[in-house]
Structure formats: structure tokens, C-alpha cells
Amino acid sequence: MPREELMKEYQAFRAQRVAKLPACLKPTAPQTRRNASRAPALKKLERILYAPLSFEPLPPIFHYGYPVSSEKLASIAASLGYTPDMEGYNRLTVAVDAINHITGNVIDHPAILKVVFCEGKRFFVVSLCTNWEPRNSAKEAALKLKGFLHEEEDPKWYLDGEQWFWRE
């Protein structure tokens, strides 16, 4: 097959693999923080975001979990006895105490607090896994976390606030 035909075939194949992605998440979209910040939360990831083929670019990192506000983290920390009137009280310790409680006492599953992009906003997500390191146990942990946070919807995939770009 001539090189030109081969390139056409490859481009058609690649276009098919990214066809269902939102425009701002396609590898051909401008790789800017502003563009990335427009990414929506996704209920399901397209296959190319999980397992690119060896000749495809590496996808951005997505976190599977639930959004959590600073106020919610403070409420969790307060329920553990860490209140604003304590000496040395700070938001970093609030976040660490809250996520440690969630990880060890609520879901019994690894989790981290990450800053993500979603529809022009940045916020925290309790991340149970990523598209680069999926875990089968994340779905079970998500059910426990859903109850603990009093969420009504299932968890979603959110674009990482630091590793939001495709890598060639």
C-alpha cells in the first residue's frame, strides 16, 4: 500500500477512535489550559482514554470519583474533632484529615484528593482511581463514598487539573 493511502487509513482510524470525545478533549484540539478547563465530567470513558494503541498519543489523566467542597472537608474534619478554634488549624490539615478518614474508615480503599477541571471550573474530587491506573475495586468503594457524601448520582470521570494534555 502506498504511503499516502496508509496515512489516509491511519487518519480515518484515528478520527473514528476520537469521534465520541467532546471537542475540547480531542488530541487535535488546542492544547491550552483554557480549552482543557471546558471539559465536561464523563459518565464513561471512551476506549482511547483508557488504552491507547502503541502509535497513539497518551491521553490526559482522568479521575474517577466525586466532587467535594472545602466546606464538606471542614465538616468531616470537625466531626473528627478538628475544629477552627484549635491551635494550628489550617485547611491543609483539614483536607488531609478528611481524606484519611474517608480512605481508612469509610471506603477502605486508596483515594486521593485532586484538583480537576470541569465545565470552566476547578474543584476537588475524591479520586478512587485514574484512567492510567484503573482499579476494579473502585466501583465498590464508589458505592460507599456515594452514601457517605450523600450523593444522588454515580461517580464520574474528571479531567486532572495538572495532567490535562495529550502526550505524543
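If you're matching positions, the sequence shown starts at 351 in this note's numbering and goes up one per residue.
Cβ atoms here follow ideal geometry from the backbone N, Cα and C, with glycine treated the same way.
Since the structure is predicted, the reported quantities are computational estimates derived from the model, not experimental observations.
Counterpart residues of H413 in DSSP-defined beta bridges
T480, Y508
Closest to A391 by C-alpha separation, out of R472, E512, P377, L499, would be which residue?
R472
Given that a residue counts as buried once 16 or more other Cβ atoms are within 10 Å of its Cβ, and exposed if not, what is L408?
exposed
Which residues does DSSP pair with C468 in a beta bridge?
K471
What does the Cβ neighbour count give for T443, buried or exposed, with the cut at 16 atoms within 10 Å?
exposed
Within its chain, find whatever has a CB closer than 8 Å to the CB of E359; leave out the 5 residues flanking it on each side and keep chain order.
M351
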